[in-house]
Structures are given as C-alpha cells and as structure tokens.
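Okay, so here's the structure we're looking at.
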Amino acid sequence: MSGLSELSELSELSELSESDGSLLVVVQRYGDVSGGAEAHARQLVDRLAPHLRVEVATTTAADYWTWENVFPAGDAVVGGVPVHRFPVARGRARDFRKRERAAFAPARTLADERAFVDAQGPHSPELLEFIHSRRDDYDTFLFFTYIYEPTVYGVPLTPGRAVLVPTAHDEPAISLSVYRALFHAPRAIAFNTEEERAMVWRRFRNERVPSEVMGVGVELPDGISADRFRHRHGLEGPLFLYVGRIVESKGAGELFDFWARWRDERRAGNGSPQPQATLVVAGHAEMPIPKRDDVRYLGRISDEEKFDAYAACEALVIPSPLESLSLVTLEAWAMGKPIVCPARSRILAGMTHRAGGGLAYHSYAEFAEILGLLLERPEVRDSLGARGRDFVARTYTWPRIVEAYRDLFAEVRARDGK
Amino acid sequence: MRILVVVQRYGAEVVGGAEAHARTLAHRLARRHEVEVATTNALDYWTWAEHFPPGESADDGILVRRFRVRSGRRKDYKAIESRVLLGVHTLVDEYAWLRAQGPHVPDLLEFLHRDGQRYHAIIFYTYIYEPTVLGLPILPERALLVATAHDEAPLRLAPYRALFQLPRAIAFLTPEERDLVHREFRNEHIPSDVVGAPLDPAPRGDGARFRAAHGIEGPIVLYLGQVSEAKGCAELLSLWTARERDATLVLLGHVRMPIPSTPSVRALDAVSDETKWDGLAAADVLVQPSRFESLGLVLLEGWQQGTPALVQAGNPVTAGQVRRSGGGLTYEDAGSFDAGLERLLAEGGARGERARDWVRDEYAPERFDRRIEELVSIAAVSR
Chain A
-6 MSGLSELSEL
4 SELSELSESD
14 GSLLVVVQRY
24 GDVSGGAEAH
34 ARQLVDRLAP
44 HLRVEVATTT
54 AADYWTWENV
64 FPAGDAVVGG
74 VPVHRFPVAR
84 GRARDFRKRE
94 RAAFAPARTL
104 ADERAFVDAQ
114 GPHSPELLEF
124 IHSRRDDYDT
134 FLFFTYIYEP
144 TVYGVPLTPG
154 RAVLVPTAHD
164 EPAISLSVYR
174 ALFHAPRAIA
184 FNTEEERAMV
194 WRRFRNERVP
204 SEVMGVGVEL
214 PDGISADRFR
224 HRHGLEGPLF
234 LYVGRIVESK
244 GAGELFDFWA
254 RWRDERRAGN
264 GSPQPQATLV
274 VAGHAEMPIP
284 KRDDVRYLGR
294 ISDEEKFDAY
304 AACEALVIPS
314 PLESLSLVTL
324 EAWAMGKPIV
334 CPARSRILAG
344 MTHRAGGGLA
354 YHSYAEFAEI
364 LGLLLERPEV
374 RDSLGARGRD
384 FVARTYTWPR
394 IVEAYRDLFA
404 EVRARDGK
Chain B
3 MRILVVVQRY
13 GAEVVGGAEA
23 HARTLAHRLA
33 RRHEVEVATT
43 NALDYWTWAE
53 HFPPGESADD
63 GILVRRFRVR
73 SGRRKDYKAI
83 ESRVLLGVHT
93 LVDEYAWLRA
103 QGPHVPDLLE
113 FLHRDGQRYH
123 AIIFYTYIYE
133 PTVLGLPILP
143 ERALLVATAH
153 DEAPLRLAPY
163 RALFQLPRAI
173 AFLTPEERDL
183 VHREFRNEHI
193 PSDVVGAPLD
203 PAPRGDGARF
213 RAAHGIEGPI
223 VLYLGQVSEA
233 KGCAELLSLW
243 TARERDATLV
253 LLGHVRMPIP
263 STPSVRALDA
273 VSDETKWDGL
283 AAADVLVQPS
293 RFESLGLVLL
303 EGWQQGTPAL
313 VQAGNPVTAG
323 QVRRSGGGLT
333 YEDAGSFDAG
343 LERLLAEGGA
353 RGERARDWVR
363 DEYAPERFDR
373 RIEELVSIAA
383 VSR
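If you read the sequences in order, they're chains A and B.
For the first sequence, the numbering used here gives the first residue as -6, with consecutive numbering after it.
For the second sequence, the numbering used here gives the first residue as 3, with consecutive numbering after it.
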C-alpha cells in the first residue's frame, strides 16, 4: 500500500525517531474492534504516534471468539498509523471448552496447558515470524494482554526490547505454567493498577523485572447530556448502570439475582417511600436478561451515549469478580459517579478503596444496604463520586501516561545499549 | 533446603565437562541440603540412545530420577543444523532444530510442571538442551542457571533468547563466559557470579615414572583430552609436523582421528588417573588447541602439577585463564606457536609454579561452595 511507504518516509523526515526511537505494538486485534485491552491499545497508539515512530502488528480478526479473518491481510493505515495484519491460521477450536476444562483441572499436564493456549486462538504463525524477523528493526515492542498466543510466544522472541502490558486478572488461566516465563522475560512491565502489580508479584515473584503502573487515560467528550439519555429511552427515577459484556463470567447473573431480590423486598416492604429504581444494562448480551419493569436492556450503545448514561445514573455497578483495570470505572469516576463492586474482585475493590470512589459488598445484604444508602443519602453518593473524579484527575490523564511510557521506552533503549 | 539439579546426562560413567560439574556440585550441595537430580536415561550426547533404566536410583545418597529419551539426535540433524545456522530459514525451523538435536524428554518437563514447586531451588545445567531451554521457563522463579555458554552460533537462536532473561540467578564458569552472556543478552541485572569449579588438591605426579613407562626422553609437549578434530587436534598436528622437533608431542586421550606416524608424536590413548597426573608432571609444556573450551579443566590440572601451558588465542576462556594466572602463553598461528613453545621450553618452571598457587586459591573447593550457596539462596523460594 502506498500510504504505508509515504508514512514511514514522513516519519523519518520529521526526525521523530531521533528522540524517541521506534515502537511496534503487538495486539491480538486492532482497529474498529470491541474489547477493553484493544481499546486501550488503540488509544495509547494514537497518543504515542506524535512522539515516536509507531507501527502495529496484529491479526486479521475482528472478534475474540471465533477469530475469523475479517480484515484483509497485509499493510494498512489506521488513524495515520501503519498496521501490519497477519492471517489467523487457526481460530478458537471447536473443543475449546473441553480444552479449557482440562487445562484448569488440578491434574493438568503441561501438554493440556499448551493445548489450551492453542485451542484458544488466535494462532498466527506469520505474526510470530514477523516479530522474529523484524526484531532488530524496532527499538521497543509493546505487547498487549498476557493470555493470547501473539504475546505468549511473541515476547520470548524479543525479550530484551519487550514491554508487556499484561492486563492480568486473577483468573484460572494465569496460574498455568505456560504463562510463568512470560512475566519474567520482558525488559519491563506496564501495569494498569497497583493491585494488578501486587497480584502479579505475589504470583510470579518477578519484582526484579522493572515495572511501572501506567493505567489508561480518560477524556470526556463534549456535550454530555443526562436528559438526552433519559428522554431517548423514556427513563424516569433513579438509575443504576451496568456497562459491559453481559455474561456469567462478568458477574451479570449474580447482579440480576441481587437486583431482583432487592427490588422485590423493597416493594413488599410496606410502601417504602423510595421511588422505583431501574437497572440499566448496556452491552453485548451473551445470556438471558430478566424481563422485569425495573430492568432495561439497551443493547450495545455508542461511546457518546455511554457518557450520557454515566451522567444520568446514581452509580455504576461492576459485579465482575475478576476485573483488572476497568475503563468504565475510570470513565464513571471522571463523571463523578461512584462504583459498586464485589469485595472479592480484589483489584477493582482495592482501587475503589484507594480512590475512595465507591463501595464494595461481601454479600447480598451489603449489596442491598449500599444501593439503599446511595438512594437515601445523595450527599454520600456525591462525595464518593467526587473522590473518584479527583483520583482519575490525579492519576489517569493521557499526558501523564504518555510521558510515563516515553520514559519507560527510553529506559528500555538505554538498557539495550543503543 | 530441597534442591533439584536438572542436567541432560548424569552418572559416574558419563563423560562430559558440564555433566561432571553438575555431579560434583550435586554432591557438594548434598552435604548441607537435600539434593535430587532429574535427568535423562542417555549416556552419550551424540545419539542420546537410552542406556540407563528409567526411574529412580541413588547416587551416593542423592536421589536420581531418570526420564526416558523419547527422541534422540535425528539422522538428518547435520542438514537441519547447517540450514538453521547458515541458510535462510524460519522461526519454525529453529524450533525444529532444537527437537532434532535431542534429547526430547517430555516426561522430564511434565515432572517439572507437576512437582517442580516442591523444591526450594532448581539448578539447570547447560543452556543448549531441551531440559533447560524448555524446563527452566516452567519454574523461572526458583531457577539457577549454569549455562556453560560458548561463543557459538546456536546461542543466537530464537529458543535461547528469553532463556537468559528468566532465571533468578546465573552461575558462570569463567569471567569470559559472563562477559559473553552479558554482551549477547544484556542481562546484567540478573544476579550472577563466576563460580569456576572446585578442584581438590591433586596428587603429585611422578614424571620420571611416566618417562620410563613410555620410553620417552627429552622435552615433552603434552595434549590431554579427546584426540579429535573438534578439539583442534588436526590443527595442532599440522602445526607440529610442519617442522623438525626436538621435543615429543604426547597425546593422552581417546583417539578419534588418524595420527601421522612420526617419531615426534606419541598417541597413548585413554589412560588411568595416575598416568594422567604422571604425564602432566612429566610434561614441559601442556598444549591446548581447542577453540571451544568452557572451563579449561585440563589447563588447571596441568597447573596443579606446575606445568606451563600454550593455548589457542582464539579461545577466550583458556586465553583468559592464561592471562590471569600468568601460567603460559597463547598462539594464533605457526609463528607464534613455535615462538611460544621455544620460550616456554627455555624458561623452565617459574611460570608453572606461579600458576600452581593461582589454581589453589581460585579453585579452592571452599570458595566454590561459598559462591554456589550464595547463588542458591538468591534463587530459592522460601515459602
């Protein structure tokens, strides 16, 4: 593609590479795709691009389940950044669930674990070959997400120049032997949160690998309107918001149970003065959503609408037991809204505690108590939200994050003796 | 502490520098710790043919677990190797090379996966073989690597790139090995030390007995070790026979190549330990033509007998030992070989005596133990 060669010439001329060197970002999917880590990668690339020569190596897949080849293989330009797309030779295996069960069983073998990584997809030998053959052409390689093949097998091909963004969750997969070396091999690790770093250190004993807590930046769009959201969906009264994939593994099932129980108890409770509250659910549904007049499912919503929804809600509920850094948490905080999450979601609950931007529940009783409190005591709700907003402003702004990454890359290059 | 030593071959009858080092280390550590060994059931490193019975056995109080070699060196290994080292090839070829090299021992890897966490520390020997390159990444958080790395082409292959970033600590045999690994992998941040090898005091050899037994008069230039092209013996013999010699070149070791029939060369094939010490004592100069020595044990043994050495300048390890000990000279061509030989023969014993003291201090077993203990304690998981 001519755009690519023009671009690389341009970036050479502009002497960007003189100051900050070159960077290849490796991520399993890239471009107009869903997914937290992928969105994170895209946002970071767009913000790093003015400072150094950035390229992306990824697959042709658009979704993380089938990994079906959707984008054309070859070179493209996305948002002004050269992107190298490689075909997926094998997507998710038909017997993936079986492989997963075998790999997570206590009696698993090393062979079971390798079969799991393979069955999970995306298997893209050409992407690995690219990393291998171009390992001297980039000063730094930034790998996103510990769990997929491009990272597991890619980092060991260029460990001395690799920076890993693990987006690690405390989930069964992370205890597999096949991932152990990955956390020791890279030149540096960029964590999203303090809690993620603590979890990884506890598990891998890899404190020696230089690391930084980077996070992702949050920027609010212009013209956010709570009224527009309420009006469009005909919503009245207090709203609690859930945004994300609607699946059992994200805790959606428990949320629906707790919600129904809480509302039903309230209604039965002899004419409570509280107005009817509604649970607003937005995202891709992969499980049934209860049909109740106090649960509204909106399907997937646009970014703009998401911010309108934050503005309209009392609080964001994140029931997932295994969240690492959740972008929606930061966005809700930036909007001054508190978070409600389970205490067993250690990373998220730890962050919420540190920020003072929400409340965590150990049980249904506490869940009910927290929601009641937020409804009855708006000043508590607002002060939690305000603390969340301050936390984001202190920690998660793009200029600070971009600077931190540039410093880290400079360190990697210094260590490489260049 | 409970310590596991992982090495590609193990046992009293196994010939090989790294393997001997591993066994010595296991026994020394076993005086203070609970030591086990995980290895293959191969005896030789060329075919990796199954030799020992698989399963558990004891070596002087050390529990040895032998795992079956599922595939040894492939018949077409040489062809695969030259493509990978010299030709255009892919990443997949590099991993195919590793498998073709042997020994492929999946049961050993499964053992590490299943039981590795029972050990506080695991010591992996020799970077190049599967048990280390695929085994260490399973337990990097408690690994001590004894790489025995040489400056050779495979060191730059993909399978090894991450290996040197993973262990908690690295034990080098020589300062040259440390410099090579640091230069190649930029992994100076990993705690390491040059441990060398523990050398027990050598018995005094009887030079006169050796001369009498083999009927050799006049100056003796000794080569000790396997007599093969790989060890640089072809080059040595061609340098030696290029001109008339007043001295006799004595070759002590298994002969694996043709030897020119001339009175100034005597090949004595493999010999007993006693004869070895006698030969080293009898020699006026020890010559070491190999370019790929990782420890240069023979030089050290020569110095224990006070014999100066003439070594290949192209081998950084032996050249470095000679420089540090002051116990010899280096050569790089026929001119410097002849000149070095002449000088060493003319000088007499002072150089060798100095090197004797150096070996005694540098390779003292207590010193080795101290350094190994320190590295093991860095590697060990205490929980």
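In this text, a Cβ means the ideal position worked out from N, Cα and C, and glycines have one as well.
Within the model, the alpha-carbon separation for A40 (chain B) versus V171 (chain A) is close to 20 Å. Along the stretch 156 to 187 of chain A, the positions whose C-beta sits under 9 Å from a C-beta of chain B are S170, V171, R173, A174, L175, F176, H177, A178, P179, R180, read in chain order. Pairing N43 (chain B) with R70 (chain B) gives a Cβ-Cβ distance under 8 Å. DSSP links C334 (chain A) through a beta bridge to A:A353.
If the five residues before and after Y139 (chain A) are omitted, its C-beta is found closer than 8 Å to the C-beta atoms of V145, L157, P159, T160, A161, I167, Y172, L175, F176, all from its own chain and listed in chain order. The straight-line gap separating the alpha-carbon atoms of G208 (chain A) and I394 (chain A) is approximately 7 Å. Within the DSSP secondary-structure output, P75 (chain A) pairs in a beta bridge with A:V70.
Of the other Cβ atoms in all chains shown, 16 or more fall within 10 Å of the Cβ of M328 (chain A); this residue is therefore buried. Between N317 (chain B) and D202 (chain B), the alpha-carbon positions lie close to 25 Å from each other.
At a cut-off of 8 Å between beta carbons, F64 (chain A) makes no contact with chain B. Under the three-state reduction of DSSP, T186 (chain A) is assigned to coil, being neither helix nor strand. In the DSSP assignment, Q113 (chain A) falls within the unbroken alpha helix (DSSP H) covering 103 to 113.
Only buried fits Q103 (chain B), as 16 or more other CB atoms lie within 10 angstroms of its CB.
Considered as a whole, the stretch 34 to 122 of chain B harbours 79 to 88, 93 to 103, 108 to 117 as its complete alpha helix (DSSP H) runs of no fewer than 4 residues, in chain order. Taking a cut-off of 8 Å for Cβ pairs, the stretch 236 to 252 of chain B and the stretch 206 to 226 of chain B touch, as three or more such pairs fall below it. Between the alpha carbons of D39 (chain A) and Y398 (chain A) lies a distance of about 13 Å. Between L346 (chain B) and L146 (chain B) the beta-carbon gap is near 39 Å, outside 8 Å, which marks them as no contact. Take the alpha-carbon of R374 (chain A) and the one of R382 (chain A): they are about 12 Å apart. The Cβ neighbour count for W58 (chain A), taken over all protein chains shown within 10 Å, is under 16; the residue is labelled exposed. Between the C-alpha atoms of L65 (chain B) and V37 (chain B) there is a straight-line separation of about 7 Å. Taking 8 Å as the threshold, the shortest C-beta distance from H125 (chain A) to chain B falls below it. M192 (chain A) counts as buried, since at least 16 other C-beta atoms from the protein chains shown sit within 10 angstroms of its C-beta.
In chain A, no part has a C-beta under 9 Å from the C-beta of H256 (chain B); the shortest such distance is about 38 Å.
According to the DSSP secondary-structure assignment, R4 (chain B) is paired through a beta bridge with B:E36. Non-local C-beta neighbours of V240 (chain A) in its own chain, meaning closer than 7 Å and more than five positions away in sequence, comprise E279, M280, ordered along the chain.
A204 (chain B) is positioned such that its CB atom lies closer than 8 Å to that of Q307 (chain B). From the beta-carbon of P149 (chain A), the residues of chain B found nearer than 7 Å are R163, A164. The straight-line gap separating the alpha-carbon atoms of V47 (chain A) and P80 (chain A) is approximately 21 Å. Cβ-Cβ distances below 6 Å link R337 (chain A) to P314 in the same chain, with the five nearest sequence neighbours on each side left out; the list follows chain order. Scanning B:A321, B:E21, B:S327, B:R356 for the CA closest to the CA of Y129 (chain B) turns up B:E21. T102 (chain A) reaches chain B at E112, H115, R116, counting residues in chain order whose Cβ is nearer than 8 Å. For T92 (chain B), the C-beta contacts it makes with chain A under 9 Å involve P118, E122, H125, S126, in order along the chain. Rounded to whole angstroms, the separation of the alpha carbons of H122 (chain B) and V321 (chain A) is 42 Å. Counting every other CB atom within 10 Å of its CB across the protein chains shown gives V135 (chain B) a total of 16 or more, marking it as buried. At a cut-off of 8 Å, the C-beta of R190 (chain A) has no neighbouring C-beta in chain B.
Looking only at B:A285, B:P156, B:R353, the smallest Cα-Cα distance to A98 (chain B) is reached by B:P156.
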